[in-house]
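Residue numbers (this note's numbering), protein chains in the order written: chain A, 4 to 135; chain B, 2 to 278. A quick write-up on the structure given underneath.
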Amino acid sequence: MKEKLDILLLDDEAIVGNRLKPALKKVGCDVELFEDPKKALNRIREKKFDIVITDIMMPSVNGIQILEEVRKKSDITKVIIITGYATVALAREAMDKGAFDMIAKPFTPDNLRSVIAKAADSLGYKKIIAKA
Amino acid sequence: MSIITITAGSYSKGEQIAKSVAKRMEYDFADSEIILSLVSREFGVPESKLVKAIKDIPLTVGLFSQAKQQHIIYIDTVLTEHILKNNIVYYGAIGFPFIQEISHVLKVQIIANLEDRIKNKAKLDGESQQKARKTVIKEDNQQKKWAAAVYDIDLTDPNLYDLVINIGHIQDDDVEGALETIINTVKHKKFQPLTYSLRCMKNVAMSCRVRATLADIDSKMQVKSDEGTVYIYTKAVKKKAQDKVLEMKQKVMRLEGVKHVEVYVDNDLFSTVAHGQ
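See below:
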């Protein structure tokens, strides 16, 4: 039985990742943090993560492209979109392409943790997420 | 777990389709009759006055009486809170702009041939086709003008909807055909609630609740909410602005879920001139 969730966290704003990574580690997740979407893409091609959390608006590669790449690699990886530019069209496109959920920025670490808990639940890892 | 809204002209079988979708999906059903009765119970306004608020058209665009504006705010509030619970089919056009920006709301318009609707009315109400024609056309115009005056939208614009179904163009059993189309569409992942869309819906309901709470002070104010932070945009005569802000903040802070209130005041030039202040 798996003990920790493998999470890839991608946001080109360092402050976002630096704030979220410790919050996720605290609840028992292994987090790989990326600010460069190209490096994140390479890592996604190498490793199958349980959850990928990605921003949308980034230079060179956007979050939808990340989502599409994850879908090519794995059917079960849950992709959570975090964005400051949420719209109906984006939400529907993300869901259509297989995202698990979308959260509008700004949000609190607790908001993200509850979405991670839902994702863990749907992966069958109910007890992995510990209460912070 | 989604929301389906269905709008249709009278005698287009819209209500029948909406009720059937709700039954088949095991969703709740709501229409203006249900919403108005809830509004009447909560705000103590007679249903007859609420009916007038959703039927009457102002002679000059935007110039509703203060009471009618309040009644529409109450209706919008109850409606948005009612559909917040999801798994609901709502039949009607009231409150339409509030659900426009919610991704898990499937917005459906049912259209039907005018001649078929006239025949439908004449048959159902046992009247001449001439009389039925007059009524159907009058009701169409009334609904269109009301939505334009109250929400500044054209209900006949297909861009407002995710799905437009022209019954009579599907198959012999047009209601069943429309039913299948709606149910198959809403099952698509695009219409499933997201953390983002649920938050949008809660924010919309909160903004409406704030407007209802302050409707006796200002029925024309603009309100935006985000996760318990409320932004109010109002107008006031300079001398009275401070008192108005304080009163609004005190009232809104008492609402459940409100954490912070910001009030932005523009000088009310019209009142300043009218009252010589």
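Quick reminder that beta carbons are idealized off the backbone N, C-alpha and C, glycines included.
| request: Pull up the distance between the alpha-carbon of A213 of chain B and that of K108 of chain A, whole angstroms please. | output: 28 Å
| Which runs of the alpha helix (DSSP H) spanning at least 4 residues fall entirely within the stretch 10-57 of chain B, listed in chain order? | 15-26, 33-44, 48-56
| task | Could you spell out where the alpha helix (DSSP H) holding N160 of chain B opens and where it closes? | result | Unbroken run through N160 of chain B: none, as it is neither H nor E.
| query | Between P11 of chain A and E35 of chain A, is the Cβ-Cβ spacing less than 8 Å? | reply | Checking the displayed sequence, the identity of residue 11 of chain A turns out to be Leu instead of Pro. Going by C-beta atoms, L11 of chain A is nearer than 8 Å to E35 of chain A.
| Can you find a C-beta in chain B that's less than 8 Å from the C-beta of R116 of chain A? | no
| task | Give me the Cα-Cα distance between A135 of chain A and V30 of chain A, rounded to the nearest whole angstrom. | result | Note on A135 of chain A: pLDDT 42, under 50, position unreliable in the model; the coordinate value appears next. If I take the Cα positions, the gap works out to 5 Å.
| message | If you reduce the DSSP assignment to three classes, tell me which class E228 of chain B lands in. | response | coil
| field | The alpha helix (DSSP H) enclosing A113 of chain B, as first and last residue numbers | value | Segment 106-113 is the beta strand (DSSP E) holding A113 of chain B; no alpha helix (DSSP H) there.
| query | Among residues of its own chain, excluding the 5 on either side of T157 of chain B, which ones have a beta-carbon nearer than 8 Å to its beta-carbon? | reply | K145
| Complete runs of the alpha helix (DSSP H) confined to the stretch 74-101 of chain A [at least 4 residues] | 91-99
| query | Taking buried to mean at least 16 other C-beta atoms within 10 Å of its own C-beta, is K81 of chain A buried or exposed? | reply | buried
| C-beta neighbour in chain B for V122 of chain A, strict 8 Å | The question names Val, yet the displayed sequence has Ala at residue 122 of chain A. No, A122 of chain A does not count as interfacial toward chain B.
| message | Buried or exposed for V151 of chain B, going by 16 or more other Cβ atoms inside 10 Å? | response | buried
| If you draw a straight line from the alpha carbon of R22 of chain A to that of Y128 of chain A, how long is it in whole angstroms? | 24 Å
| Beta-ladder partner(s) of D267 of chain B, from DSSP | B:K236
| Between the CA atoms of A123 of chain B and L199 of chain B - distance to the nearest angstrom | 43 Å
| request: Using a Cβ cut-off of 7 Å, pull out every chain B residue sitting near D99 of chain A, in sequence order please. | output: K190, K191
| query | L13 of chain A by DSSP, collapsed to three states: which one? | reply | strand
| query | Run through DSSP, which three-state label would G277 of chain B get? | reply | Unreliable placement is indicated for G277 of chain B, whose pLDDT of 49 sits below 50; the coordinate value is still reported in the next sentence. Coil.
| task | Check the Cβ-Cβ distances between S220 of chain B and every residue of chain A, and say whether any is below 8 Å. | result | no
| message | Given 7 Å as the limit, tell me if I74 of chain B has its C-beta closer than that to any heavy atom belonging to the ligand FMN. | response | Because no ligand of any kind appears in the structure shown, any question about the ligand FMN cannot be addressed here.
| Candidates A:I83, A:L93, A:F110: closest to A3 of chain A by CA position | Outside the displayed range of chain A (4 to 135) lies residue 3 of chain A, so it cannot be described from this structure.
| field | Residues near V292 of chain B in its chain [Cβ-Cβ closer than 7 Å; skip 5 each side] | value | Outside the displayed range of chain B (2 to 278) lies residue 292 of chain B, so it cannot be described from this structure.
| said: I want to verify the contact list: residues of chain A whose CB lies under 8 Å from the CB of Y162 of chain B, in sequence order. | reply: Result: empty, since nearest Cβ-Cβ is about 13 Å, beyond 8 Å.
| task | Give a yes or no on whether the minimum CB-CB distance between R74 of chain A and chain B is below 8 Å. | result | no
| field | Spatially closest choice to M207 of chain B from B:S11, B:I154, B:S38, B:H83, by CA coordinates | value | B:H83
| field | Residue nearest to C263 of chain B in terms of C-alpha spacing, selected from B:G169, B:M249, B:N185, B:E102 | value | Correcting the residue type first, residue 263 of chain B is Glu in the shown sequence and not Cys. Ranking B:G169, B:M249, B:N185, B:E102 by Cα distance to E263 of chain B puts B:M249 first.
| request: Determine the chain A residues that contact R255 of chain B at a beta-carbon separation under 9 Å, and present them in chain order. | output: None at all; the shortest Cβ gap to chain A is about 24 Å.
| task | Count the CB pairs spanning the stretch 35-44 of chain B and the stretch 174-192 of chain B that are closer than 8 Å, and state whether there are at least three. | result | no
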